[in-house]
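S.K.: Here it is, the structure in full.
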Amino acid sequence: MPRPQTLPISDEWPDPDTYVDALLTFATSSDLFRHLCGGVHMHDFLIREPDVYESLFSEEWRAFFEHHDVQDLLQLFLRDDLQPLLDQGKVNNSSQDGGHTWRGGAFPPVDLLEYLQQIRRFSLRRDFHAPQPGKPTLPRQIAVGMNVKKHHEVAHFSRYVDTLCNTVDEQRGEDITHVVDFGSGQSYLGRTLASPPYNKHIVAIERKHQFISGAKGMDVYAKLTEKEKKVVNLYNKRALIGKIRPKNMPGYQEESEATQDPIGVTNGGPLDTADENGDEGTMINIFRDISLMPGEMGDAPRRKIADKAEAEIEAKPEVEENKPRGVMDYIEHEIKDGYLEPIIKDVVAAEPQENAAEPTNKTSDDARVMVVSLHSCGNLLHHGVRSLVLNPSVKAIAMIGCCYNLVTERLGPATYKLPILRSTHPRLTKDAIAYDAHGFPMSKRLEDFDHDSGKGVKLNITARSQSLQAPYNWDRESSENFFTRHFYRTLLQRILVDRGVVEKPSVPTDLYGPNSTATKKAAHPLIVGSLRKSAFVSFQTYARAALTKLGRDPNHGEEVKSKMADLTDEELDQYVAKYWHRKKHLGVVWSLMSFSAVIVEAIIVVDRWQFLREHDNVQDCWVEPVFDYSESPRNLAVIGIKK
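Here UniProt numbering is used: the first residue of the sequence shown is 1, the next is one more, and so on.
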């Protein structure tokens, strides 16, 4: 496969190092970016003083936003050509009348356009161009259980991994023997790679037993393995449990016909029973399908199978059985670091020998492994990236991450110019002071990066969570749904504050100090979580559903029920009428937060790539999109090949 550029960046950057330096400088120096990505939480939007919206944006920006619909603003943020607007804006500023308009209203402020342009410059390109013509497909028995998104991901990434294996084989002059699937889940990717036409030897590592059990069941359907058959001789089984004692068995006693259990099975079906270990099995009546006619004693019995069906079975070709297939090995293990040699050693040692008469002493040195992952959560991807430099047997990696909110922090809390925008929150504090050695950042370059606020690049959980948005996939309906959901939640927070269930946030002097979460209410915040789609039909239905859920909170449930018991529908409608105009303000903030957070994802991905660059035993590494952003927005894979 032809090697792509090292990072998917725009052509204006002469080299990756220039891009990385500029990216980190912008991310650590732009106050607006740092507040939009980590300094604001939507729950505080209607309860904080001074107002979040007014604190974030200048009067000129707010005046511009008031003149335009949020959907038009989204078009400006995401898609409009900014350079002509910038040129025109500078002309407007230099002229006395400044007479140009935009979409029939106020013209965008120049500094807003400059900020939007900076975000776009530093965004990684997400365009996917399939290296091979045609849309990859999966056989029906492999695609079982996949939704459209998963089918797209697995079909494209499995083909990519196979091509990458061939590339590694050519570069190193030796074949990849095993593919390790980190956090395999239901093993959709591994099962596809183990099946034709790829036929790889897959080692699926997963910590949840139920996922492995389910995956093995789907392996049977995919014809990668045979279903375990448990046949019990009904006569001998009953003899063992004392139901029937043949005359030639010790302890035989005559039993009347009335006390004996019938040997046959009701309606000719199987009989479920349990063995001595308590495992349920199926008893099969061995006489069920045998019919003896007079004079046939001693002859072969006739089975109750139609001649046509019997002929079809006999004539069925054994093509499926003769097809080459890969192997699925499952390891139930919680991955806590990137060291895999003990696991690889066990898998290699357990492989069956082709010639049992010739003993072999296989070790992990005989294995040449590629570690892959399709959307590993949090630090799991960090472990996968580190596996390339920690394990002699790992020769290449292809890792796609997700769930950046689950990544831990290594360098401690970030600082903000406007701490009044940020509430004290135990999760924020807990993550910020974790100092987890496996957390972000991985690379020395980001760890040692000097800037005005200190040393090291830091991203809190709010910023990392926001980076999981996919604003370029929004349409009018989906974006309006986002705005409505967030408006309902922050309006509910306003009611909870007014009724004394939640404390009104004060201006913090130290977001991460020892007293930042001193009160019980701060230490145990109210979390609504997910609700059914029907709950968002109106604010009344949302508030009732949310309060019912909050009433079950172990710390505040009784207080919620007592203080909200007399809340009427009329009061809820009054709150909506009073704050409805703020929904647009919230939509503007949420849109700019999601738009800006593409830089957060760029920083996280660049950090993982930079980590590989810093190790001498890595021959090559790069980042590239491996499927369509529109189908699956977390589409950037980090690739590494060992020397």
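Cβ atoms here follow ideal geometry from the backbone N, Cα and C, with glycine treated the same way. Owing to the predicted nature of the structure, the values given are computational and were not obtained by experimental measurement.
Given this structure, state the Cα-to-Cα distance separating Thr-519 from Phe-487, to the nearest angstrom.
M.R.: Position 519 of the sequence shown, counted from the start, is the residue given in the question as residue 519. Position 487 of the sequence shown, counted from the start, is the residue given in the question as residue 487. Summary for Thr-519: the model assigns pLDDT 47, below 50, so the residue's position carries little reliability, and this model does not support an answer.
S.K.: Given that a residue counts as buried once 16 or more other Cβ atoms are within 10 Å of its Cβ, and exposed if not, what is Gln-493?
M.R.: Taking the sequence shown and counting its residues from 1, one reaches residue 493 at position 493. Gln-493 comes out buried.
S.K.: Relative to the C-alpha of Ala-349, which candidate in Pro-50, Asp-607, Asp-181 and Asp-329 has its C-alpha closest?
M.R.: Numbered from its first residue, the sequence shown carries residue 349 at position 349. Nearest of Pro-50, Asp-607, Asp-181 and Asp-329 to Ala-349, Cα basis: Asp-329.
S.K.: Determine whether the beta carbon atoms of Val-144 and Met-218 lie at a separation below 9 Å.
M.R.: Your numbering for residue 144 matches position 144 in the sequence shown. Your numbering for residue 218 matches position 218 in the sequence shown. In contact: Val-144 and Met-218 (Cβ atoms closer than 9 Å).
S.K.: Could you tell me which of Lys-135, Arg-126 and Val-327 sits nearest to Ile-202, measuring between CA atoms?
M.R.: Here the question's residue 202 lines up with position 202 in the sequence shown. For the residues Lys-135, Arg-126 and Val-327, the minimum Cα distance to Ile-202 belongs to Val-327.
S.K.: Are the beta-carbon atoms of Ile-641 and Val-623 separated by less than 9 Å?
M.R.: Along the sequence shown, read from residue 1 onward, the residue named residue 641 stands at position 641. Along the sequence shown, read from residue 1 onward, the residue named residue 623 stands at position 623. Not in contact: Ile-641 and Val-623 (Cβ atoms no closer than 9 Å).
S.K.: In terms of residue numbering, what span does the alpha helix (DSSP H) encompassing Leu-74 cover?
M.R.: In the sequence shown, the residue the question calls residue 74 occupies position 74. Element bounds for Leu-74: 70 to 78.
S.K.: List the DSSP bridge partners of Ser-630.
M.R.: Position 630 of the sequence shown, counted from the first residue, corresponds to residue 630. Answer is none; Ser-630 lacks a bridge partner.
S.K.: One question on the structure: do Val-626 and Val-394 come within less than 9 Å of each other, judged by their Cβ atoms?
M.R.: Reading the sequence shown from its first residue, position 626 is the one you call residue 626. Reading the sequence shown from its first residue, position 394 is the one you call residue 394. Contact flag unset, no.
S.K.: Find out if the Cβ-Cβ distance for the pair Ala-602, Leu-36 is shorter than 9 Å.
M.R.: Along the sequence shown, read from residue 1 onward, the residue named residue 602 stands at position 602. Along the sequence shown, read from residue 1 onward, the residue named residue 36 stands at position 36. For Ala-602 and Leu-36, no; Cβs fall outside 9 Å.
S.K.: In whole angstroms, what is the alpha-carbon distance linking Leu-193 and Asp-553?
M.R.: The residue you call residue 193 lines up with position 193 of the sequence shown. The residue you call residue 553 lines up with position 553 of the sequence shown. C-alpha separation (whole angstroms): 45 Å.
S.K.: Figure out for me which residue from Trp-590, Ser-630 and Asp-620 has the closest Cα to the Cα of Leu-56.
M.R.: Along the sequence shown, read from residue 1 onward, the residue named residue 56 stands at position 56. Ranking Trp-590, Ser-630 and Asp-620 by Cα distance to Leu-56 puts Trp-590 first.
S.K.: Assuming Asn-391 contacts Glu-447 under a Cβ cut-off of 8 Å, what Cβ separation, rounded to an integer in Å, is found between them?
M.R.: Looking up residue 391 in the sequence shown gives position 391. Looking up residue 447 in the sequence shown gives position 447. Actually they do not touch by this definition, with Cβ atoms about 23 Å apart.
S.K.: Would you be able to state if there are at least three C-beta pairs under 8 Å between the region 135 to 155 and the region 111 to 123?
M.R.: No, the region 111 to 123 does not touch the region 135 to 155.
S.K.: Short check: CB of Asn-473 to CB of Phe-128, under 9 Å?
M.R.: Residue 473 sits at position 473 when you count from the first residue of the sequence shown. Residue 128 sits at position 128 when you count from the first residue of the sequence shown. No, these two residues do not count as a Cβ contact at 9 Å.
S.K.: Candidates Gln-210, Ile-344, Arg-172 and Pro-197: which alpha carbon is nearest Ser-187's?
M.R.: Looking up residue 187 in the sequence shown gives position 187. The shortest C-alpha separation from Ser-187 is found at Gln-210.
S.K.: With distances taken from CA atoms, which of Ser-534, Leu-547, Thr-541 and Ser-538 is nearest Val-528?
M.R.: Here residue 528 refers to the residue found at position 528 when the sequence shown is read from its first residue. Answer by Cα proximity: Leu-547.
S.K.: Between which two residues does the alpha helix (DSSP H) carrying Ile-603 extend?
M.R.: Taking the sequence shown and counting its residues from 1, the one referred to as residue 603 is at position 603. Start and end: 598 to 613.
S.K.: Taking three-plus beta-carbon pairs below 8 Å as touching, is the region 72 to 87 in contact with the region 560 to 574?
M.R.: Contact fails: fewer than three Cβ-Cβ distances are below 8 Å.
S.K.: What's the call for Glu-558, buried or exposed, on a 16-neighbour Cβ count within 10 Å?
M.R.: One-based indexing of the sequence shown puts residue 558 at position 558. The residue is exposed, with fewer than 16 neighbouring Cβ atoms inside 10 Å.
S.K.: Taking Cβ to Cβ, would you say Gly-439 is nearer than 9 Å to Arg-410?
M.R.: Counting from one through the sequence shown, the residue named residue 439 turns up at place 439. Counting from one through the sequence shown, the residue named residue 410 turns up at place 410. Yes. Within cutoff.
S.K.: Take the Cβ of His-375 as the centre, count every other Cβ of all protein chains shown within 10 Å, and call the residue buried at 16 or more, exposed below.
M.R.: By one-based count along the sequence shown, residue 375 stands at place 375. By the neighbour-count rule (16 or more Cβ atoms within 10 Å), His-375 is buried.
S.K.: Quick one: what does DSSP say Met-399 is sitting in, helix, strand or coil?
M.R.: Numbered from 1 along the sequence shown, position 399 holds the residue referred to as residue 399. Three-state DSSP puts Met-399 in a strand.
S.K.: Take Tyr-19 and list the residues in its own chain whose beta-carbon comes closer than 7 Å to its own, dropping the five residues that flank it on each side.
M.R.: Indexing the sequence shown from 1 puts residue 19 at position 19. Within the same chain, Tyr-19 has close Cβ partners Leu-7, Ile-9 and Trp-13.
S.K.: My assumption, with CB atoms under 8 Å, is that Glu-614 sits in contact with Lys-444. Please give the rounded CB distance.
M.R.: Here residue 614 corresponds to residue number 614 of the sequence shown, with the count starting at 1. Here residue 444 corresponds to residue number 444 of the sequence shown, with the count starting at 1. Yes, they are in contact, since the Cβ atoms of Glu-614 and Lys-444 sit about 6 Å apart, within 8 Å.
S.K.: Quick check on DSSP: helix, strand or coil for Asp-15?
M.R.: Here residue 15 refers to the residue found at position 15 of the sequence shown. If DSSP states are grouped into helix, strand and coil, Asp-15 belongs with coil.
S.K.: Taking C-alpha atoms, which residue in Thr-484, Phe-536 and Gln-71 lies nearest to Met-42?
M.R.: Here residue 42 refers to the residue found at position 42 of the sequence shown. Taking only the C-alpha atoms, the option nearest Met-42 is Thr-484.
S.K.: By the 10 Å Cβ neighbour count, where 16 or more other Cβ atoms means buried, how is Tyr-435 classified, buried or exposed?
M.R.: Within the sequence shown, residue 435 is the residue found at index 435, counting from 1. So Tyr-435 counts as exposed.
S.K.: Just to check, is the beta-carbon of Val-70 closer than 8 Å to a non-hydrogen atom of the ligand SAM?
M.R.: By its list of ligands, the structure shown contains no ligand whatsoever, and the ligand SAM lies outside what it can speak to.
S.K.: Applying the criterion that 16 or more other CB atoms from any shown protein chain within 10 Å of the CB defines a buried residue, is Ala-637 buried or exposed?
M.R.: Within the sequence shown, the letter at position 637 stands for residue 637. Counting Cβ neighbours within 10 Å, Ala-637 comes out buried, since at least 16 surround it.
S.K.: Hey, which unbroken runs of the alpha helix (DSSP H) at 4 residues or more fall wholly within the region 128 to 159?
M.R.: Listed in chain order, they are 140 to 143.
S.K.: Are the beta-carbon atoms of Phe-122 and Leu-586 separated by less than 9 Å?
M.R.: In the sequence shown, residue 122 corresponds to position 122, counting from 1. In the sequence shown, residue 586 corresponds to position 586, counting from 1. Going by C-beta atoms, Phe-122 is not nearer than 9 Å to Leu-586.
S.K.: Quick one: what does DSSP say Ala-215 is sitting in, helix, strand or coil?
M.R.: Along the sequence shown, one-based indexing puts residue 215 at 215. Three-state DSSP puts Ala-215 in a helix.
S.K.: With distance defined between alpha-carbon atoms, name the residue in Ser-30, Ser-184, Cys-403 and Glu-332 nearest to Asp-111.
M.R.: Here residue 111 corresponds to residue number 111 of the sequence shown, with the count starting at 1. Closest by alpha carbon: Ser-30.
S.K.: Report the rounded CA-to-CA distance for Arg-464 versus Val-457, giving the unit in angstroms.
M.R.: Your numbering for residue 464 matches position 464 in the sequence shown. Your numbering for residue 457 matches position 457 in the sequence shown. Cα-Cα distance, rounded: 13 Å.
S.K.: Among residues of its own chain, excluding the 5 on either side of residue 646, which ones have a beta-carbon nearer than 8 Å to its beta-carbon?
M.R.: Limits of the chain in this structure are 1 at one end and 643 at the other, which puts residue 646 out of reach.
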